[in-house]
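FYI, in the working numbering the residues of the sequence shown are 568 to 877.
Even glycine gets a Cβ: it sits at the ideal position worked out from N, Cα and C.
Just so you know, these numbers come straight off a predicted model, no measurement behind them.
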Amino acid sequence: MRIAGALMALLAGLGAAAAAECGPDKLGTSRIVEVGTQGGLEVGLKTYPKTIPLADHEVILTFDDGPDATNTPKVLDALAAECVRATFFEIGRNAEGLPQLARREVLDGHTVAHHTWSHPQPTLRYLPGGDAAARADILKGMIAVEKAAYGRDFEGVEPKEPKDLKLEAPWFRFPGFADTQDLRDWFSANNVGIFGVDLWASDWIKMTPEEELKLVMGRLDKNGHKGMLLMHDNHPWTAAMIPMLLKELKAKGYKVVHMVAGPGNGPTVAAPPGWVSETERVIGALRPRFDKSAAKVVSGPIPVKPAPTE
Ligand SMILES: [Zn+2]
């Protein structure tokens with residue numbers, strides 16, 4: 568086991584002890600699921616026909632695009648106050664700029680995973696430099712996040728592939744869920760898991776914390792009272808909502824499940840019959856904008872753009 572891995576195991580133990588001291592009035596973290604990515608893994612029903620199996624009233628909390636100097640500490644304080652653990656898919660350049668926050672996330676017992684170096688526009692799928700540019704951005708981001716969050720040292724390592732990095736968290740989320748088949752194959756060959764989501768807060772749209780809370784709780788209702796939820800820890804409305812959300816989850820009988828990297832593959836559960844990718848519809852709706860900025864011709868129908876709060 569690598570040093571960072573041993574530290575993680577130790578911290579996980581300490582975290583469990585701390586959670587036990589939180590008392591029944593706190594939301595807490597009800598269980599930990601080890602998620603293996605050997606041979607590749609694709610989860611999150613908005614994009615893929617599989618997800619992490621959850622029981623009734625179980626949720627997984629995930630955050631993208633941090634760390635952020637102002638809002639991430641508020642999110643971390645709120646999670647700590649309720650003994651709740653989450654997963655943060657970080658942007659590499661943000662982690663490099665704020666290593667103390669990336670590190671704090673790990674020390675607080677959260678899982679820190681990967682979300683590119685620069686969050687490229689117009690998404691990895693439509694990057695003018697193609698997959699070569701995408702891979703370079705992804706690798707750079709992985710190195711920055713693993714250094715900042717897990718204290719990894721890549722001195723003397725010349726990584727050409729993610730597997731060369733022996734990632735602490737071999738998990739990746741595509742910005743905007745805009746994957747490509749080549750990149751999916753590349754991740755599978757590197758034993759990196761791709762994480763979509765089951766439901767999202769739509770917090771890329773500015774709203775009040777109360778509006779966001781209502782949206783999230785309503786979507787949990789519609790999603791059968793469970794799922795892997797996406798939020799963004801760089802937005803002030805989300806940071807302000809988290810304490811309310813955790814209280815509401817507790818009041819409604821929800822339990823928080825925490826994901827950590829594990830051996831093997833999965834666990835996963837298949838989507839219900841009739842599943843379709845919702846993110847392809849959204850990405851398709853944005854396609855004309857991408858085509859323009861990428862100066863690239865992409866054929867195919869352009870679906871109707873969904874309402875922002877759908
Ligand atoms: Zn993002």
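In this structure, DSSP gives VAL651 a state outside helix and strand, which the three-state scheme calls coil. Non-local beta-carbon contacts of THR639 in its own chain, meaning distances under 6 Å to residues more than five positions away in sequence, involve GLY633, LEU668, ASP800 in chain order. Burial check for TRP842: the Cβ neighbour count within 10 Å stays below 16, so the residue is exposed. Looking from the CA of GLU728, the closest CA among ASP770, ARG702, MET798, LYS822 belongs to ARG702.
The beta carbon of ASP770 sits closer than 7 Å to the beta carbons of GLU779, MET798, HIS799, HIS802, TRP804, THR805 from its chain, once the five residues preceding and following it are set aside; these are given in chain order.
No Cβ-Cβ contact shorter than 8 Å links GLY763 with GLY607. In this structure, ASP788 sits away from THR747, with a CB-CB distance that is not shorter than 8 Å. Every unbroken stretch of the beta strand (DSSP E) spanning 3 or more residues and falling wholly within the segment 631 to 699 is given here in chain order: 654 to 657, 678 to 681. A distance of 8 Å or more separates the beta carbons of LYS617 and GLU625. Around the Cβ of GLY708, a 10 Å sphere holds 16 or more other Cβ atoms; the residue is buried. The segment 684 to 696 and the segment 815 to 835 do not touch, with fewer than three beta-carbon pairs separated by less than 8 Å. By the 16-neighbour rule on beta-carbons within 10 angstroms, VAL836 is exposed.
Residue environment analysis places ASP644 among the exposed positions, since fewer than 16 neighbouring C-beta atoms fall within 10 angstroms of its C-beta. Counted as a single uninterrupted DSSP element, the alpha helix (DSSP H) harbouring LEU750 occupies residues 748 to 756.
Per DSSP, LEU782 is one residue of the alpha helix (DSSP H) stretching across 776 to 789. In the DSSP assignment, the residues bridged to HIS825 are ILE599. By the CB criterion at 8 Å, THR846 and THR614 fall inside the cutoff. In the three-state DSSP reduction, THR835 falls in the coil class, being neither helix nor strand.
The closest CA to that of TRP738, considering only LYS814, ASP720, ALA680, is found on ALA680. One alpha carbon belongs to GLU815, the other to CYS589, and they sit about 17 Å apart.
GLU815: member of the alpha helix (DSSP H) spanning 803 to 818, first to last residue. Per DSSP, reduced to three states, the secondary structure at GLY607 is coil, with no helix or strand assignment. The alpha-carbon of LEU612 is positioned some 26 Å away from that of VAL712.
Residue environment: VAL724 is assigned as exposed (fewer than 16 neighbouring CB atoms within 10 Å of its CB, all protein chains considered). Of the heavy atoms belonging to ligand 1, none sits nearer than 7 Å to the Cβ of ASP770. With a threshold of 16 other beta carbon atoms within 10 Å, THR637 falls short and is exposed. Beta-bridge partners assigned by DSSP to TRP771: none are found. DSSP places VAL712 within a helical segment (H, G or I) once states are collapsed to three.
Short of 8 Å from the beta carbon of THR604, and not among the five residues preceding or following it, lie these beta carbons of its own chain, in chain order: PRO737, TRP738, ASN758, VAL759, GLY760, ALA828, ASN832.
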